[in-house]
Structure formats: structure tokens, C-alpha cells
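Colleague:
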Amino acid sequence: MNEQSNLLTAASPDDIVARDKRYIWHPYTQHGTETDPLVVARAKGASLFDADGREILDMISSWWTCTHGHAHPKINAAIARQAETIEHVMFAGFTHAPAVDLAETLASLLPGDLNRVFYSDDGSTSVEVAIKIAYQSWINRGETRSTLIAFEGGYHGDTLGAMSVGCSSQMFGAFKDLMCDVRVVPFPATFDGDDAVDEREAAALSALEATLFECKDTIAAMIIEPMMQGSAGMRFCRPGFLARMVEMARAAGVLVIFDEVATGFGRTGRLFAMEHAGVTPDLVCLSKGLTGGYMPLAATVARDWLFDLFLGQDFDRALPHGHSFTANPLACSAALAALGLYAEEQTMMRIVKINAAHRTMLDVLAARTDVSRQRVLGPVLAFELNEGGAYQSEASRKLRAWYIANGFNIRPIGPTVYLMPPYCITDEELLRAYACMIEGLDRLASGSL
Ligand SMILES: *Cc1c(COP(=O)(O)O)cnc(C)c1O
3 MNEQSNLLTA
13 ASPDDIVARD
23 KRYIWHPYTQ
33 HGTETDPLVV
43 ARAKGASLFD
53 ADGREILDMI
63 SSWWTCTHGH
73 AHPKINAAIA
83 RQAETIEHVM
93 FAGFTHAPAV
103 DLAETLASLL
113 PGDLNRVFYS
123 DDGSTSVEVA
133 IKIAYQSWIN
143 RGETRSTLIA
153 FEGGYHGDTL
163 GAMSVGCSSQ
173 MFGAFKDLMC
183 DVRVVPFPAT
193 FDGDDAVDER
203 EAAALSALEA
213 TLFECKDTIA
223 AMIIEPMMQG
233 SAGMRFCRPG
243 FLARMVEMAR
253 AAGVLVIFDE
263 VATGFGRTGR
273 LFAMEHAGVT
283 PDLVCLSKGL
293 TGGYMPLAAT
303 VARDWLFDLF
313 LGQDFDRALP
323 HGHSFTANPL
333 ACSAALAALG
343 LYAEEQTMMR
353 IVKINAAHRT
363 MLDVLAARTD
373 VSRQRVLGPV
383 LAFELNEGGA
393 YQSEASRKLR
403 AWYIANGFNI
413 RPIGPTVYLM
423 PPYCITDEEL
433 LRAYACMIEG
443 LDRLASGSL
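To convert, count from 1 in the sequence shown and add 2; that's our numbering.
1. Beta-carbon within less than 8 Å of residue 381's beta-carbon, same chain only, minus the 5 sequence neighbours each way: which residues are those?
2. By the DSSP assignment, the alpha helix (DSSP H) with residue 129 in it spans what residues?
3. What separation, rounded to the nearest whole angstrom, lies between the Cα atoms of residue 396 and residue 346?
4. Rounded C-beta distance between residue 119 and residue 301? I'm assuming under 8 Å.
5. State buried or exposed for residue 313, treating a residue as buried only when at least 16 other CB atoms are found within 10 Å of its CB.
6. Note down, one range per segment and in chain order, each alpha helix (DSSP H) of at least 4 residues found wholly within the segment 383-450.
7. Residue 204 by DSSP, collapsed to three states: which one?
8. Flag this pair as yes or no: are the beta carbons of residue 329 and residue 25 separated by less than 8 Å?
9. At a cut of 8 Å, does the segment 292-301 reach the segment 159-174 through at least three beta carbon pairs?
10. Count the other C-beta atoms from every protein chain shown that fall within 10 angstroms of the C-beta of residue 27, then say buried if there are 16 or more, exposed otherwise.
11. Shortest alpha-carbon distance to residue 172 belongs to which of 180, 87, 179, 154?
12. Grab me the residues of residue 281's own chain with a C-beta within less than 7 Å of its C-beta, minus the 5 sequence neighbours each way, in chain order.
13. Pull the bridge partners of residue 72 from the DSSP assignment, please.
14. Helix or strand or just coil, what does DSSP make of residue 154?
15. How many Å lie between residue 3 and residue 13 at the Cα?
16. So what does DSSP say about residue 344, is it helix, strand or coil?
17. Taking only runs that begin and end inside the segment 192-257, name each unbroken beta strand (DSSP E) of 3 or more residues, in chain order.
18. Throw me the rounded Cβ distance for the residue 128 and residue 288 pair, which I believe falls under 8 Å.
19. Given the structure, does residue 290 come close to ligand 1, in the sense that its CB is under 7 Å from one of the ligand's heavy atoms?
20. Spell out a yes or no on whether the segment 127-147 and the segment 221-240 are touching, meaning 3 or more CB-CB pairs, one atom from each, closer than 8 Å.
21. Are the C-beta of residue 259 and some C-beta of chain C separated by less than 8 Å?
22. Looking only at its chain, what residues have a beta carbon closer than 7 Å to the beta carbon of residue 341, apart from the 5 residues adjacent to it on each side?
23. Just list the residues that DSSP pairs residue 287 with in beta bridges.
24. Got a sec, what are the start and stop residues for the alpha helix (DSSP H) residue 18 sits in?
25. Taking the alpha carbon of residue 87 as the point to measure from, which residue in 373, 368, 99, 38 has its own alpha carbon closest?
26. Please classify residue 303 as buried or exposed, where buried requires at least 16 other C-beta atoms within 10 Å of its C-beta.
27. Could you name each continuous beta strand (DSSP E) segment of 3 residues or more that falls completely within the segment 57-126, going from the start of the chain to the end?
28. My output table needs one value for residue 180: the three-state DSSP class, helix, strand or coil.
29. Go ahead and pull the three-state DSSP assignment for residue 166.
30. Can you give me the C-alpha to C-alpha distance between residue 372 and residue 235, rounded to a whole angstrom?
31. Between residue 70 and residue 387, how many whole angstroms is the CB-CB distance? I'm expecting something under 8 Å.
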């Protein structure tokens, strides 16, 4: 206990940092080398502000969560209104309008019979739920299938099942003994001017075919981040590949899980990445942008026939899964308000404009000798540093620190530098971000970071 805790609002930034360093364990952070965290006092639109009012443009949408901008008045009002009526109630044996309205809305936005919404708390739990539904759906059909297929570089979260299907992401070596059985097939990542993508796709598809054949009758499901692997460094694939691999999994009787935790809600230029390929998975995982980036909420949406497999008179057939905060009404209200904004603010049109602005950077990047693999998908611009190094390498840490010091939250993933702004970003803000991004590269190249 800390007797200062009732003085929180009066604390100076230095005091907050000092107490942070004494009491907090941050995510994905080596506290032995990390510099002091930045104290954010408030946020508005695409901007974060520190205690002195210094602006930092949030060019990666706060780990891909923020869609319409920070502190949006309509989402703020929806949460405040909801708090006046019911803030939370357990979700077994009870229900409420925000949860039902949101489930109905998601079902109407998703294709086909993706109609059954299971709520959980974050991207990782939505993946756990999808894996458990897939696995148990086989048991309920009288079969045991416990192998999963995942893609090289795929990332699906940090809980044990989600880590297992992300085992090739280089993040989880320490935990490999705890993982379940996963077969990994290549992901044919592509970029602007890539002339070997046909071969890479053919190789990936034949590896998939071999795995489907070899593990026939033991594979429960295949999981993929459609169109864009986020955590692996914004690696894009082509829609034709996605369509073909879904077709192959279906032909082999394997369930298809799309992890749209990062790609959902406009991040690849469509509301859902699956729309690029016109395919419908059996299960889809949604989180990050679901609430506009306001709150931890996730949904695993299943096709009707999968839900039906869990019906019966025995509890044994039911899905034994749930969380204390399942379908939290505040979070569901935030999500409903955030989804309403796509029509009200013509968000998809705004994304088209961000995409066009990003495309003007492709030639600028192609002309440089220090970067490569420049690429744009929807509101995402990415490229690789040729001398990039590993996750949290010196070059990428220096760049990140310089960008923050100069007013931009641009946080490279290893050698990958990328921009994924909130959709409310203005053209003028984008131009400033490009200029800063390029100056950082120039300084890195000349050794003056
Ligand atoms: C971020 C992410 C997750 C994990 O979500 P959390 O909310 O961090 O648990 C899962 N899958 C993908 C594709 C992600 O980008």
C-alpha cells in the first residue's frame, strides 16, 4: 500500500514516473534497458498530449486499437449514458440490450451465416474461444482432432493456446514445452514490385496441401490473419491466396478460423479483411478496433451450424467457457457507437483517402537505398530497414525514441517501420508524419540519431 494513492490527481509527471518505476511491470518491456515511460495526460483525435501539453501524433493507433480517434464525443457520450443505467451484470442467465444490439449488428455486417457471437475480453481470449469451439466441435461429432494449422510469422495473442498457434513468431521460445500441437506452413508475404510472389504462393499452397494430407483426420482447424500479419511486421498476402487456401482447407474438412483482431474494422481498407477475398470463415475473432479502441472487448463469431453442434440435453456438449466481464455493457455500448460512426462519418471513404496519401510515399521509399519492400494496404504503410536487426534492436529503438522526441508515436517492429493512423487523421497531419518519418531515416543513415 502507498499512502500517496489518494493524491493521484495532484501528482507531477516526474512523480508518476518515479512511482511507475517502483510499482508497474509493463507489457513487452525489458525494464533493464527501457527509458522512462511517457506520461500521457490526455488525448484527442489522432493526438496524445503530455502534462506540458506537448503533442504526439499517434501514428500506430495505440497498438492498432484506436479507429475513429481518441476521446470521440459520441463514444464518450455512449459510455456515460450506459454507466447511468447498468454498468455490468453477469452474462450467464442474464442478458441486456447493448450485448444483443451489438451481436445483431456484427451478424449483419459479417457475411453468410456468421451469426453466433461469443463475447470475451481481448484478442487473445477470442482466439482461445475459437480454438476451443473448433476442438470441441469435433468431440461433439464423435471425433478427436487436436492438431492446428498456423502460418509462419502468424501472431494470435499471448495466452497459451494463442501462443501455440503463434509459435513461429519468435516471441515465445521460452514457452514451447507448454504448447499444443501445431503445424506451421509458409505465409507468402508480398510487397510493391514483388516479382516472386507467384512462386512463393505456389510453395505455400503445396506445403499446405502436404500438411492437410499428412495429418488427415487429426487437424481440427486452420488459423490465419487474413490479408495482413500484424505482429510479424505488417506482412501482406494477396486475396487470391486467401481464397485458395480456404478452399483447400474446406475440401479437407478442416475448420477455418480468421483472426481479424488486428485486420477488422477497416484496417486493410475493407470493414473486414475477409471481404477482399470474398470468403467466409467458420469462426472469426474480433477485438482491438471493436470498441473504437476504448475498452477491452472481443467477439468470436461462429457460423450457425457450429453453434448447433453444441446443442443437446447434456451439459457435456455445451461450451464450458466464460469470463467475469463477458459482454460488459459499457464496452458493448462503446462498440455500438464506434460501429455507428462508419456511416455517420463516412469512415471507409476517409480510409480510401489515407490509402491514396500513403501511395504517394511508395516512389519516395523505392528511391532510397536504406529501405526495401515498401507496401501499402488500406490505411497501412510499411517497409523494411535494410539494416534493421531483431525485435527491439538498437536501430529500431533509436528510431522510436527519436520519433517520440519529435512528436510522433512511430514504433518499428524490428526492421519494419509502419504507419497505421487513426482514421480521423487529417491530410496535414499525414504530411507532417511522412516528413518526420523520412527525417528519422536520413538521420539513421547518417549516424545522427
Ligand atoms: C493483438 C492481436 C491479438 C491479441 O490481442 P490482445 O488484445 O492483445 O490479447 C491476437 N491476434 C492478432 C492478429 C492481434 O493482432
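Virtual Cβ for every residue (Gly too), placed ideally from N, Cα, C. Note that the structure is predicted; figures quoted are calculated from it, not measured.
Modeller: Working from what's here:
1. 268, 269, 271, 353, 356, 357, 360, 422, 423, 425
2. 125-142
3. 43 Å
4. 5 Å
5. exposed
6. 396-407, 429-448
7. helix
8. no
9. no
10. exposed
11. 154
12. 244, 245, 248
13. 47
14. coil
15. Per-residue confidence for residue 3 stands at a pLDDT of 48, beneath the threshold of 50, marking its modelled position as unreliable; the derived number appears in the next sentence. One C-alpha to the other measures close to 17 Å.
16. helix
17. 221-226
18. 7 Å
19. yes
20. yes
21. Checking the listed chains, one finds no chain C in this structure; it contains a single protein chain.
22. 107
23. 261, 302
24. 15-25
25. 99
26. buried
27. 57-59, 116-122
28. helix
29. helix
30. 17 Å
31. With a Cβ gap of about 31 Å, residue 70 and residue 387 do not count as contacting.
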